[in-house]
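Each residue of the sequence shown is one higher than the one before, counting from 281 in the numbering used here.
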Amino acid sequence: MGLQVGQVLRQAARFAPEAVAVVDLGHPGASRREIRYADLHRIACQMATLLARAGVAPGDRVALVAENSLEVAAAWFGVVYAGAAVVPLHLLSAAPELAQRFEHAGVKVVLHDAARTQLVQDAIARAQLKTQALALHVLDSSAEPDARYPLDTSPSDTALVLYTSGTTGKAKGAAVSHASLMLHTVLLVQHALGLSQASRVLCALPLSHSYGCRLAMLAPFYARACIVIMPRFEARRALAALQEEHVTWLPVVPTMLSAIAQLSAAGEPLSAAAASLRWVLCAGAPLSDETA
């Protein structure tokens, strides 16, 4: 496997094509969806083809402004398959903040979900760029993928641009290379996390954040495991998902564990939800003594 991060999905589709890659729980009331690695790879190739038709070339920046979903996972890899860099942006950003990031990164295309259509349009109107918006929910899923994709990229090429919170000034974009992402992913899976193809990982962390992207998508895909996607974290739904989807691996931040602990303190039983769990990884901030 080379040092191009697109190889994570490409190799999973090659060696475990029928394994379930994603279970998408959607919002309450939505139908549960699942997709196998071969089909997720095909959709990512379709996405790369559509991005090229929209004018995206290798080295360009493509922003993602969307809640967690199967489509976001496919779009993430579609961007890198096209030789471009993913620019995932915070979902609570206002239009002026998004506009500043579009300009700073030189974003060519913005991929967004239905709920953020107006927000993205307002941000593009403010930005001094000819940026195109593409809605993930209306993209042509029947498009024939171009056989050129995935494109080969250099390990030193930028795969991901992550923006800081901007607490000490304007947010800054940190460019992460293919080699950096791949080496980190390999080290996580082979030396730290204990992930395998039998693992089932709850993906409730935002894929727009480095932690969620690396621990709840890239590492599981490298292990050819299954990720169970929630659009956003809700403690009671997460407990139900742990039990119903037989989740074995749970990456969280302290606020998520605190919300689960509050349900437990209110009498919510946790034993059934935790029956299949083998790993819980908490990061991003200190864990309070009460939650620990």
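Even for Gly, the Cβ is constructed at its ideal location relative to N, Cα and C.
Three-state secondary structure (DSSP) of residue i
i: R480; result: strand
i: A576; result: Because the chain here runs from 281 to 572, residue 576 falls outside it and cannot be looked at.
i: V527; result: coil
i: H370; result: coil
i: D319; result: helix
i: V285; result: coil
i: V352; result: helix
i: E377; result: helix
i: L485; result: coil
i: G358; result: helix
i: L330; result: helix
i: A518; result: helix
i: P308; result: coil
i: P500; result: helix
i: A324; result: helix
i: F513; result: coil
i: S538; result: helix
i: S544; result: helix
i: A552; result: coil
i: A293; result: helix
Beta-ladder partner(s) of residue i, from DSSP
i: A303; result: Reading off the sequence, residue 303 comes out as Val, not Ala. Bridge partners of V303: E314, V508.
i: C493; result: None, per the DSSP bridge assignment.
i: A365; result: R341
i: V532; result: C562
Exposure of residue i, with buried meaning 16 or more beta-carbon neighbours within 10 Å
i: P566; result: exposed
i: G339; result: exposed
i: K388; result: buried
i: V527; result: buried
i: S551; result: exposed
i: R381; result: buried
i: H471; result: exposed
i: F295; result: exposed
i: D432; result: exposed
i: E347; result: buried
i: A310; result: exposed
i: Q326; result: buried
i: Q287; result: buried
Best match in the options for proximity to residue i [C-alpha to C-alpha]
i: T329; options: L409, A354, R558, H464; result: A354
i: R480; options: A503, G492, R494, E514; result: A503
i: Q284; options: A296, I404, T411, A362; result: A362
i: D393; options: H370, L414, A439, R428; result: L414
i: M497; options: V469, A563, D420; result: V469
i: V345; options: A395, M462, K452; result: A395
i: Q523; options: A403, V352, R558; result: R558
i: L561; options: Y491, P511, P549, A505; result: Y491
i: Y443; options: W356, V533, A374, H370; result: H370
i: R428; options: R322, A563, G547, S457; result: R322
TODO: Ignoring anything shorter than 4 residues or poking outside the region 388-476, list the alpha helix (DSSP H) runs there in chain order.
DONE: 397-406, 458-467
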